[in-house]
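The structure appears below as structure tokens.
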Amino acid sequence: MNIEQFIHIVEVARTKSFFTAAKNLHVTQSAISRSIGNLENELGIKLFTRSRQGTVVSDEGESIIIKANEILLKVQEIKEEVLIHKAVLHDEIRIAASPGLFSSVLPKTIASFNKDFPYVKIQVMERSNKDIQEELLKNKIDFGILPIIYPKIWIENEFTIEPLKQTNLKVIVSKDSLLANKKLITPFDLNNHPFVLYSDNPDIYKALLNDLNKYFTPLHILFTSNNFDIIFKYVSEGLAISLMSETVLKDNHYVKSGQIIPLELESPIIRPMWVGAVHSKKHYSTKTAKEFLKYLKNEFENEEES
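If you're matching positions, the sequence shown starts at 1 in this note's numbering and goes up one per residue.
This is how it looks when you write it as structure tokens:
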């Protein structure tokens, strides 16, 4: 197992083609195939499958590709570490974040980063997942911070994912709900309760519907909204329940005031979700942007410890 093999599997995942990956990396197709074959033999799993759409990442290979991405990013960080600390950063960072993350972890990170690098200009925007994709490809932002439930979709579409934190979904209910005192919520507990769901992230909304429909027939959705405040208001009034990422719920005033109670959801009703930093592979990430991501990672780690 070596760095070259990680480069090969990440590029094949991105291009969906051994031929194109070999061309981009300036090696022969047989060399790529041999390299990946050796890695698959060592791991004992198939990383790719062939389909009409080309070469795609297998279910077993998905987490391996993500880890390989992480390792390659770390290698790049090591190469630039000395340069970052030898120079005073005078640069600009353009960040887009999904609504739930825009007001949670970002403010603390920006404050901490500004204290150490006062000459860096930071532009931060609230954007939907779709808008983040488009602006990354047009090089209008350096990276996006967003929840990810289907990492393979991003990896195969010109993007690199840097996982920041795995975040669990919580069932949120009114303080007056009969569910409020439960330690663990099961599918049976949620029967006959109307849902309000956040719908601004199509990938996550679709995944939630698929997962919920396995357990509830019919699934009663009171309404969907792209406005968190409206969802929290309806839940606090006891008109519906909802599902929210624990990252979004942190520091939420409805939760802090006790009007809304977050409850643990029995696994595996809902698949796991990640908060990740997404970059375009077509555009070089600046040293300043990479340094900011270190601060963001530290903030997530501090959250877990607190």
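Note that beta-carbon positions come from the ideal geometry of N, C-alpha and C, so glycine has one too.
Because the structure is a prediction, the values reported are computed rather than measured.
Examine the Cβ distances between the region 128-145 and the region 243-261 and report whether three or more of them are shorter than 8 angstroms. no
Enumerate in chain order the residues of its own chain whose CB-to-CB distance from E92 is below 8 angstroms, with the five nearest sequence positions on each side excluded. V120, K121, I122, Q123, T288
If you draw a straight line from the alpha carbon of P118 to that of T109, how long is it in whole angstroms? 13 angstroms
Could you check where the alpha helix (DSSP H) with K130 kicks off and where it finishes? 129-137
Assign E42 to buried or exposed, taking buried as 16 or more other Cβ atoms, counted over all protein chains shown, within 10 Å of its Cβ. exposed
By the DSSP assignment, the alpha helix (DSSP H) with P107 in it spans what residues? 106-116
Here's the rule: buried if 16 or more other CB atoms are within 10 angstroms of the residue's CB, otherwise exposed. What is R52? exposed
Between the C-alpha atoms of L265 and V248, what's the straight-line distance to the nearest angstrom? 16 angstroms
Per DSSP, M244 is paired with what? K170
Since T224 is in the beta strand (DSSP E), which residue starts that stretch and which ends it? 221-225
Tell me whether the beta-carbon of L190 lies closer than 8 angstroms to the beta-carbon of V278. no
To which residues of the same chain is F159 closer than 8 angstroms at the C-beta, ignoring the five residues directly before and after it? Q133, L136, V278, H279, S280, K281
Between the C-alpha atoms of V56 and Q259, what's the straight-line distance to the nearest angstrom? 46 angstroms
6 angstroms CB neighbourhood of L296 in its chain, flanking five on each side removed: T109
Let me check one thing: in DSSP terms, what residues is L184 bridge-paired to? E264
Out of Q29, T49, S98, M273, which has the shortest C-alpha to C-alpha gap to N168? M273
Pair every Cβ in the region 212-224 with every Cβ in the region 185-200, then say whether three or more of these pairs are closer than 8 angstroms. yes
Give every residue of the same chain whose Cβ lies closer than 7 angstroms to the Cβ of L72, excluding the five residues on either side of it in the sequence, and list them in chain order. F6, I7, V10
Go ahead and label F48 buried or exposed: buried means 16 or more other beta carbons lie within 10 angstroms of its beta carbon, across all protein chains shown. buried
For S236 and L179, the rounded distance between their alpha carbons: 13 angstroms
Where does R52 sit, in a helix, a strand or coil, going by DSSP? coil
Whole angstroms are fine: how far does the CA of N226 sit from the CA of R127? 11 angstroms
Closer than 6 angstroms by C-beta to P99: which residues in its own chain qualify, once you throw out the five before and the five after it? Chain order, please. E126
Taking DSSP as the reference, what is the three-state secondary structure of V275? strand
Between the C-alpha atoms of K233 and Y215, what's the straight-line distance to the nearest angstrom? 26 angstroms
Take G54 and list the residues in its own chain whose beta-carbon comes closer than 6 angstroms to its own, dropping the five residues that flank it on each side. K16, S17
In terms of residue numbering, what span does the beta strand (DSSP E) encompassing K121 cover? 121-126
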